[in-house]
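**Q** In case it helps, the UniProt record's numbering puts the sequence shown at residues 85 to 349. Beta carbons are placed, not taken as given, at the ideal position from N, Cα and C, and that holds for glycine. What follows is a single structure, and I will ask about it in a moment.
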Amino acid sequence: ESQNQSNAPELQKIDGIRHIIAVSSGKGGVGKSTIAVNLACSLAKLGLKTGLLDADIYGPNTPSMMGVAEQNPKVTEGSGSDQRLIPINKYGISLVSMGFLIEEGQPVIWRGPMLNSIIRQFLYQVEWNNLDFLVIDLPPGTGDAQISLTQSVPISGAIVVTTPQQVSLQDARRGLAMFKQLGVPLLGIVENMSVFIPPDMPGKKYEIFGKGGGQTLAKENDLPLLAQIPIEIPLVDDSNKGVPISISQPNKESSLVFGNLAQLI
Ligand code: ADP
């Protein structure tokens with residue numbers, strides 16, 4: 085609220101989209117994409133019209149997670165700026181990913197203006213139609229892409245993903261500070277890989293990555309700890325199998341946690 089009006093960017097809404105939720109993390113590998121995908125699936129299961137924008141330009145893996153890596157989105161008729169990308173539909177979700185544009189195995193080098201224009205296309209030149217929720221899988225960290233995105237479109241709320249580990253916390257803190265500075269409302273913290281429950285020992289829990297990280301971060305920032313997702317073996321395979329756990333095994337502990345998260349949002 086303390087933002088200088090003259091410096092505040094003009095945010096441009098996307099026609100037909102009610103809420104935009106950004107899923108972010110301070111660093112890679114903490115499960116941000118897994119959470120974005122399963123949150124989107126859980127919202128869709130609640131009967132909400134849901135889209136997923138995979139803006140993780142450096143590691144766009146939602147197409148593999150959703151089993152559509154081989155597909156190429158079509159473009160509407162017309163020419164130039166009239167043309168719109170038609171999202172791929174899977175599990176009731178409209179998906180657009182940087183992965184559809186990037187050749188597999190090729191290094192991705194974006195320069196500032198190029199990055200900015202591609203992000204704007206992915207927001208505004210897509211045939212999203214009417215959506216209750218658009219979930220955005222942000223790239224990890226606090227770079228140009230995050231700034232570009234949050235300064236283009238009004239984000240209803242951002243979720244910050246962390247593991248219970250101290251090193252992950254430091255990165256998450258930087259992410260939180262960025263959102264505060266940019267005036268993006270924060271929904272809360274999601275702690276991933278909280279505990280490991282061995283499938284053959286249901287009563288037992290192992291805190292492999294330590295404990296309390298999510299809670300600490302939530303307290304420090306006066307935010308809710310929205311969910312604690314356990315480490316589950318089917319989730320490890322999520323990225324390869326093309327069927328997110330909330331679809332393939334809706335009664336698993338993590339699917340239930342994702343379901344609760346969708347309800348909270
Ligand atoms: P990020 O988007 O933060 O880079 P990913 O969502 O790609 O992270 O997850 C990294 C790896 O960890 C993937 O192989 C994923 O399947 C796995 N993974 C993520 N969360 C869990 C979890 N709770 N239990 C087991 N494996 C997980």
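So is the beta-carbon of V279 under 7 Å away from any non-hydrogen atom of the ligand ADP?
**A** To locate residue 279, count along the sequence shown from 1; it is residue 195. Checking every heavy atom of the ligand ADP against the Cβ of V279, none is found closer than 7 Å.
**Q** I104 and L218 - do their beta-carbons sit closer together than 8 Å?
**A** Counted from its first residue, the sequence shown places residue 218 at position 134. Counted from its first residue, the sequence shown places residue 104 at position 20. In this structure, I104 lies closer than 8 Å to L218 by Cβ.
**Q** I'd like to confirm something about D322: is its beta-carbon nearer than 7 Å to some heavy atom of the ligand ADP, or not?
**A** Translated into positions along the sequence shown, residue 322 becomes position 238. Checking the Cβ of D322 against the ligand ADP gives yes.
**Q** In the DSSP output, which residue or residues are listed as bridge partners for E275?
**A** If you number the sequence shown from 1, residue 275 lands on position 191. Bridge partners of E275: T246 and Q312.
**Q** For K133 and S148, I'd like the C-alpha separation in whole angstroms.
**A** Counting from one through the sequence shown, the residue named residue 133 turns up at place 49. Counting from one through the sequence shown, the residue named residue 148 turns up at place 64. Using only the alpha carbons, I get a separation of about 21 Å.
**Q** For T226, I'd like the list of residues in its chain whose CB is within less than 7 Å of its CB, leaving aside the five on either flank, ordered along the chain.
**A** Indexing the sequence shown from 1 puts residue 226 at position 142. Cβ within range, chain order: R258, G259 and M262.
**Q** Does at least one heavy atom of the ligand ADP sit under 7 Å from the Cβ of P334?
**A** Your numbering for residue 334 matches position 250 in the sequence shown. Checking every heavy atom of the ligand ADP against the Cβ of P334, none is found closer than 7 Å.
**Q** Am I right that S330 and K129 are in contact with their C-beta atoms under 8 Å? What's the rounded C-beta distance?
**A** Counted from its first residue, the sequence shown places residue 330 at position 246. Counted from its first residue, the sequence shown places residue 129 at position 45. Rounded, the Cβ-Cβ distance is 7 Å, consistent with contact.
**Q** Could you tell me the alpha carbon to alpha carbon distance between I170 and E211, rounded to whole angstroms?
**A** For the purposes of this step, residue 170 is taken as the residue at position 86 of the sequence shown. For the purposes of this step, residue 211 is taken as the residue at position 127 of the sequence shown. Spanning the two alpha carbons is a distance of roughly 5 Å.
**Q** Quick one: give me the first and last residue of the beta strand (DSSP E) that V121 is part of.
**A** Position 37 of the sequence shown, counted from the start, is the residue given in the question as residue 121. Looking at the DSSP string, V121 is not in any beta strand (DSSP E); the run it does join, the alpha helix (DSSP H), is K116 to K129.
**Q** Please state whether DSSP places A153 in a helix, a strand or coil.
**A** On the sequence shown, residue 153 is found 69 positions in, with the first residue counted as 1. Of the three classes helix, strand and coil, the one that applies to A153 here is coil, per DSSP.
**Q** Could you compute how far the alpha carbon of G135 sits from the alpha carbon of I243?
**A** Counting from one through the sequence shown, the residue named residue 135 turns up at place 51. Counting from one through the sequence shown, the residue named residue 243 turns up at place 159. Cα to Cα, G135 sits roughly 16 Å from I243.
**Q** Report all residues from its chain with a CB closer than 6 Å to the CB of V341; omit the five preceding and five following residues, and keep chain order.
**A** Numbered from its first residue, the sequence shown carries residue 341 at position 257. Cβ neighbours of V341 beyond the five flanking positions: A311 and I313.
**Q** Is the beta carbon of N276 closer than 8 Å to that of T247?
**A** Taking the first residue of the sequence shown as 1, we reach residue 247 at position 163. Taking the first residue of the sequence shown as 1, we reach residue 276 at position 192. Going by C-beta atoms, T247 is nearer than 8 Å to N276.
**Q** Hey, how far is the Cα of Q249 from the Cα of K295?
**A** Residue 249 sits at position 165 when you count from the first residue of the sequence shown. Residue 295 sits at position 211 when you count from the first residue of the sequence shown. Cα to Cα, the separation comes out at about 7 Å.
**Q** Alpha carbon to alpha carbon, how far is Y290 from Q96? Give it in angstroms, no decimals.
**A** For the purposes of this step, residue 96 is identified with residue 12 of the sequence shown, where counting begins at 1. For the purposes of this step, residue 290 is identified with residue 206 of the sequence shown, where counting begins at 1. Looking at the two C-alpha atoms, the distance is approximately 45 Å.
**Q** Would you grab the beta carbon distance between A153 and D221 for me? Rounded to a whole angstrom, and I think it's under 8 Å.
**A** Stepping through the sequence shown from its first residue, residue 153 is reached at position 69. Stepping through the sequence shown from its first residue, residue 221 is reached at position 137. In fact, because the Cβ distance is near 15 Å, the residues do not count as touching under 8 Å.
**Q** May I ask which residues mark the beginning and end of the beta strand (DSSP E) holding D228?
**A** Within the sequence shown, numbered from 1, the residue matching residue 228 stands at position 144. No beta strand (DSSP E) contains D228, which is instead part of the alpha helix (DSSP H) from D228 to T234.
**Q** Assuming N145 and S109 make a contact with CB atoms under 8 Å, what is their CB distance in whole Å?
**A** Within the sequence shown, residue 145 is the residue found at index 61, counting from 1. Within the sequence shown, residue 109 is the residue found at index 25, counting from 1. At roughly 14 Å, the Cβ-Cβ gap does not stay under 8 Å, so N145 and S109 are not in contact.
**Q** Assign V268 to one of three DSSP states: helix, strand, or coil.
**A** Within the sequence shown, the letter at position 184 stands for residue 268. Coil.
**Q** Give me the Cβ distance between P283 and I317, rounded to the nearest whole Å; I'm assuming they're in contact under 8 Å.
**A** Looking up residue 283 in the sequence shown gives position 199. Looking up residue 317 in the sequence shown gives position 233. That pair is a contact at about 7 Å.
**Q** What three-state label does DSSP hand E85 in the structure shown?
**A** If you number the sequence shown from 1, residue 85 lands on position 1. Because the pLDDT of E85 is 45, which lies under 50, any placement of that residue in the model is unreliable, and the question is left without a value.
**Q** Measure the Cβ-Cβ separation of T234 and L207 and say whether it is below 8 Å.
**A** One-based indexing of the sequence shown puts residue 234 at position 150. One-based indexing of the sequence shown puts residue 207 at position 123. No, Cβ-Cβ distance for T234 and L207 is not below 8 Å.
**Q** Can you grab the Cα-Cα spacing for the pair P223 / I202, in whole Å?
**A** The residue given as residue 223 occupies position 139 in the sequence shown. The residue given as residue 202 occupies position 118 in the sequence shown. About 14 Å.
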